[in-house]
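Only one structure is covered here, and it is reproduced in the block below.
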Amino acid sequence: MAGTRGSERKESSELEEGQCDSGIYSIPSIRSLPGPPEEGEHPPGLGDTLREKDSGPLGKEGADALEAEERIDSTYGSASLTEPLAALGQLPEEEAEALEGLSQQQLEALTYISEDGDTLLHLAIIHSFPALAFFCITHLPTEVLEIQNDLFQTPLHLAVYLEQPNVVRALIHNGVSLALQDRNGNTPLHVACEQQNLQCAKQLLQEPGESTEPRRSLQDLQLQNWQGLACLHISTLKGNLQLMKLLLRSGADINVQDGTSGKTPLHLAVESRDREAVQYLLSKGAHVDALMYNGCTPLHLAVGRKDAAMAAILYHSGADTLLRNMEDETAQDLADGNDDLLALLPFDDLKISGKLVVCSD
14 MAGTRGSERK ESSELEEGQC DSGIYSIPSI RSLPGPPEEG EHPPGLGDTL REKDSGPLGK
74 EGADALEAEE RIDSTYGSAS LTEPLAALGQ LPEEEAEALE GLSQQQLEAL TYISEDGDTL
134 LHLAIIHSFP ALAFFCITHL PTEVLEIQND LFQTPLHLAV YLEQPNVVRA LIHNGVSLAL
194 QDRNGNTPLH VACEQQNLQC AKQLLQEPGE STEPRRSLQD LQLQNWQGLA CLHISTLKGN
254 LQLMKLLLRS GADINVQDGT SGKTPLHLAV ESRDREAVQY LLSKGAHVDA LMYNGCTPLH
314 LAVGRKDAAM AAILYHSGAD TLLRNMEDET AQDLADGNDD LLALLPFDDL KISGKLVVCS
374 D
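Note that the numbering used here has the sequence shown beginning at 14, numbered continuously upward.
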């Protein structure tokens, strides 16, 4: 298994060698498997991968390796999938016939599950063996490709986390679900935003086989993880304008509220003091007076942080300075004692000829 990163054992690209199964490294047939497909290519079919002249379905070297005692180290567990094999009959006739030629040991290797719930595909991705990953992807039914390990991670989660866009593309092409959530409630797209992996995000937001242009996603882009964050919230917190643009072009709601406090991406950008993100969101139609659950607008947050420059951006974008939050406070009330902010915001209790008076030197 992979090493730990914080509390996440599998979420680390720096795997501890002592925790990794040596069995995978001992499979010499990996070297003979096809490499990652080029952009626009589909993963190789079963016939292209398995057929070796006069050597049986996997070739002599592959068959010997898969039948060897070291093919999978026993410390990973001894579970295997039997029920999903029934689904193999739904494969194209040519591929089903080729699978029928595999030995029981070879099928067990393909349908192996470790004590941590990892399939052979999970392990191939973790250990960066793309050839083995593509072999599994092209030979196993979708139900197996979508298996979640003990951390509820699918192979797609791991491929995104470990920045393997070719594997991501192959999994999507084979019809895996994009909506499954890991133990933190993250979909693969959440992971791509957290990792700031634009290439994988583009793969997740386009139809299989289409151009690299983002489409209006069939995914629920407002889906929140267990922290109440949608993908646009995460990309905003990361300050990644490219991901923000991609998500908005794909149909993300620019005013989506988080599930804990009701903050929109604009609130989060103001809190992060990210002027570029604030200006971008406003230019794309973000609601300047969006309310949190406690009634605070982005202007309340800017003034509360004594950020005169941010308050000025919001004010000149039409922010209402007199809106009151649930504490019955306006932005003007929060500006008390700060000359820069008081010079910007109008008083709410002083009028001349019915017009609010603005403080100035």
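Glycine is no exception: its CB is placed at the ideal position from the N, C-alpha and C atoms.
Every value quoted in this text rests on a predicted model; they were computed, and no experiment measured them.
Straight across, the Cα-Cα distance linking residue 275 with residue 304 is about 7 Å. Going by DSSP, residue 154 is part of no alpha helix (DSSP H) at all; its letter is neither H nor E. Just so you know, the alpha carbons of residue 182 and residue 219 end up roughly 10 Å apart.
For residue 347, same chain residues with a beta-carbon under 6 Å away, outside a window of 5 residues either side, are 316, 317 in chain order. In the structure shown, residue 167 falls within a coil segment according to DSSP collapsed to helix, strand and coil. Excluding sequence positions up to five before and after residue 187, its CB lies within less than 8 Å of the CB of 56, 150, 151, 155, 158, all in the same chain and listed in chain order. Per the DSSP secondary-structure output, residue 132 pairs in a beta bridge with 126. Close CB contacts of residue 294 within its chain, under the 7 Å cut and outside five residues either way in sequence, are with 267, 278, 279, 282 (chain order). In terms of CA proximity to residue 143, 178 leads the group 121, 178, 202. For the set 311, 339, 134, the Cα lying nearest the Cα of residue 329 is the one of 311. By the C-beta density criterion, residue 297 is exposed, having fewer than 16 other C-beta atoms within 10 angstroms.
Boundaries of the alpha helix (DSSP H) around residue 260: 254–262. Secondary structure of residue 238 (DSSP, three-state): coil.
Cβ-Cβ distances below 7 Å link residue 146 to 134, 137, 138, 180 in the same chain, with the five nearest sequence neighbours on each side left out; the list follows chain order. In this structure residue 204 is not in contact with residue 243, their Cβ atoms being roughly 13 Å apart against a cut-off of 8 Å.
For residue 313, the enclosing alpha helix (DSSP H) has its first and last residue at 311–317.
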